Amino acid sequence: MAIREGRWDCPSCETKGLLGRDRECNQCGAPRPEGVRFYLPKDAVEVEDPEQIAVAKAGADWICEYCGASNRTTQTQCVECGAPRSQVTQAVRDYRLDEVPRSGDRRSSQPISVSSPSVSPVQSSLSARKLGAIGICLAIVIGIGIFLFQPIAMDATVSSLSWERTVKIEKLTTVTESDWSVPTGGRTLSQQEEIRRYEQVLDRYETRTRNVSERVQVGTETYVCGTRDLGNGFFEDKTCTRAVYETRSRTETYEEPIYRDEPVYDTKYTYEIDEWLPNREELAAGEGKSARWPEFTLGTDEREAKRTEKYQARFLGERGKIYTLKLDENIWDELEIGESRKLKVNRLGSASLNSDP
Ligand SMILES: [Zn+2]
Ligand SMILES: [Zn+2]
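Just so we're aligned, residue 14 is where the sequence shown starts under my numbering, counting upward by one.
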């Protein structure tokens, strides 16, 4: 596994980027303290020197309890004061690739700046202006709507009255129809077998082929998945293994069911039946107020179906404008030719009779 040399920052004089192999600061001479944060710059190259590799692999450094000096694990006495080896060692830590420290621990010298979000006065006045413009547009649209639809009262004179009354008449008629059953009142004329629908019936199986693809594990691979802080200024790559897959396609045969359409027969009847069908319309229409129903006589096998009536009045308004209104009979009946009435008219030309006299 590849060994790389880390870095550390001196907490006494704040010198940055001291080499991992150094056990004291090359600026102020302070010993590398217990719990120092080792970090691994992104571009740290692999260590080739066998001596350094041996140091890295030997184990974590220990800290002298008497003078605080940092000692290699192979040293049994403190290099500074000769005190016996202590149990205090630098920590050995595993990091995932995304959590490897890339710079010194500068939390103390880098206060977290707290900034509260604030809307600048320029921005808020802009949005206020925008809102104002929308408001003005809305007011104009509403204004135009009121202008067009608001009715205005207008004096008008009844110039003519007309009416129209209609009676629809049906005749009982014999018709010939055909269906899969004869309805009540039908008289069967003939019957025959006909195809009513088709049913899908399994006919046979056919052997066919198709391509299927599948993911197959073809082996495993090792990859660098993290690093280990060896506690002596060096880091060692950590590897993990994972499965390697390949997509393979193969041809397989299968049985495809083949269906055919089989006709299903049923009896179809031709029959005659009597039905009330529209036959004629009798209309009476005229000017003035003498509305009446048309006079008619019902023939053999005839009946009255529906009566409809329409009443219209024409008004002569201001500036010679003519308005034609469809009215209910009772309102129409109260009008007299030459009489003055008030109309409600809007600018789109629709008019109605003002109910308040
Ligand atoms: Zn220093
Ligand atoms: Zn010592």
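Using N, Cα and C, we set each Cβ at its ideal position, and we do this for glycine too.
It should be emphasised that the depicted structure is a prediction, and the values quoted were computed from it without experimental measurement.
Give the straight-line distance between the Cα atoms of residue i and residue j, rounded to the nearest whole angstrom.
i: Glu190; j: Glu317; result: 25 Å
i: Gly95; j: Val231; result: 58 Å
i: Gln65; j: Ala57; result: 15 Å
i: Val365; j: Thr170; result: It should be noted that the sequence gives Ser, not Val, for residue 365. Cα-Cα distance, rounded: 13 Å.
i: Arg360; j: Met167; result: 12 Å
i: Gly333; j: Asn367; result: 19 Å
i: Ile16; j: Ala69; result: 8 Å
i: Val60; j: Val49; result: 21 Å
i: Thr321; j: Val180; result: 7 Å
i: Cys253; j: Leu53; result: 20 Å
i: Gln123; j: Val154; result: Only weak support is given to the placement of Gln123: the predicted model assigns it a pLDDT of 38, under 50, and the question is left unresolved by the model.
i: Tyr267; j: Val214; result: 20 Å
i: Glu207; j: Pro276; result: 9 Å
i: Gly330; j: Ile165; result: 12 Å
i: Ile182; j: Leu290; result: 9 Å
i: Cys38; j: Cys238; result: 32 Å
i: Cys23; j: Ser226; result: 59 Å
i: Arg210; j: Thr280; result: 12 Å
i: Ser175; j: Ile350; result: 11 Å
i: Gly198; j: Tyr336; result: 53 Å
i: Leu32; j: Asn224; result: 60 Å
i: Glu234; j: Lys251; result: 14 Å
i: Arg20; j: Tyr108; result: 16 Å
i: Lys355; j: Ala152; result: 31 Å
i: Thr187; j: Trp306; result: 30 Å
i: Phe248; j: Ala67; result: 13 Å
i: Gly42; j: Leu110; result: 33 Å
i: Ser121; j: Arg115; result: Legend: pLDDT at Ser121 = 39, less than 50; position of this residue unreliable, no value from coordinates given.
i: Ser353; j: Ser172; result: 10 Å
i: Val229; j: Met14; result: 29 Å
i: Gln40; j: Cys26; result: 8 Å
i: Arg383; j: Lys357; result: Beyond the ends of the chain as shown, which are 14 and 370, falls residue 383; an answer cannot be given.
i: Glu112; j: Thr240; result: 9 Å
i: Tyr79; j: Arg45; result: 14 Å
i: Gly148; j: Ser140; result: 12 Å
i: Gln163; j: Gly362; result: 11 Å
i: Lys30; j: Gly117; result: In the sequence under discussion, the amino acid at residue 30 is Gly, which differs from the Lys named in the question. Answer to the nearest angstrom: the Cα atoms are 8 Å apart.
i: Ala71; j: Lys55; result: 24 Å
i: Gln204; j: Glu212; result: 23 Å
i: Ser129; j: Gly145; result: Its pLDDT being 46, under 50, Ser129 is placed unreliably in this model, and the coordinates cannot settle the point.
i: Ser262; j: Glu47; result: 59 Å
i: Lys143; j: Cys150; result: 11 Å
i: Val135; j: Tyr236; result: Its pLDDT being 49, under 50, Val135 is placed unreliably by the model, and nothing is read from it.
i: Ala304; j: Asp192; result: 47 Å
In the DSSP assignment, find the beta strand (DSSP E) that holds residue i and state where it starts and stops.
i: Lys70; result: It is not in any beta strand (DSSP E) - Lys70 instead sits in the alpha helix (DSSP H) that spans 63 to 71.
i: Asn292; result: 247 to 300
i: Asn39; result: No beta strand (DSSP E) contains Asn39, which DSSP labels as neither H nor E.
i: Asp168; result: 165 to 192
i: Cys238; result: 200 to 242
i: Tyr52; result: Counting along the chain, Tyr52 falls outside any beta strand (DSSP E), and DSSP gives it neither H nor E.
i: Ala326; result: 315 to 329
i: Tyr79; result: Unbroken run through Tyr79: none, as it is neither H nor E.
i: Glu18; result: 16 to 18
i: Lys29; result: Per DSSP, Lys29 belongs to no beta strand (DSSP E) and is neither H nor E.
i: Lys355; result: 353 to 358
i: Leu366; result: 364 to 366
i: Arg106; result: 106 to 109
Check whether the Cβ atoms of residue i and residue j sit closer than 8 Å, and answer yes or no.
i: Tyr28; j: Ala73; result: Note that residue 28 corresponds to Thr in the displayed sequence, not to Tyr. Cβ distance not < 8 Å, so Thr28 and Ala73 don't count as in contact.
i: Leu202; j: Glu285; result: yes
i: Thr222; j: Glu265; result: yes
i: Arg178; j: Ala326; result: no
i: Asp346; j: Lys319; result: no
i: Tyr278; j: Ser194; result: no
i: Val92; j: Ala82; result: yes
i: Lys184; j: Glu315; result: yes
i: Glu300; j: Tyr324; result: no
i: Arg34; j: Glu18; result: yes
i: Leu340; j: Phe328; result: no
i: Arg106; j: Trp75; result: no
Mind checking which residues open and close the alpha helix (DSSP H) that includes residue i?
i: Asp346; result: 342 to 347
Give me every residue whose Cβ sits closer than 6 Å to any heavy atom of ligand 1, in chain order.
Cys23, Ser25, Cys26, Thr28, Cys38, Gln40, Cys41, Ala43
Pairs of beta-carbons, one from the stretch 147 to 167 and one from the stretch 270 to 283, closer than 8 Å: are there three or more?
no
Could you tell me whether the stretch 74 to 87 touches the stretch 239 to 248, using the rule of 3 or more Cβ pairs below 8 Å?
yes
At a cut of 8 Å, does the stretch 253 to 268 reach the stretch 299 to 315 through at least three beta carbon pairs?
no
For ligand 2, residues whose Cβ lies under 6 Å from any non-hydrogen atom
Cys77, Tyr79, Cys80, Ala82, Cys91, Glu93, Cys94, Ala96
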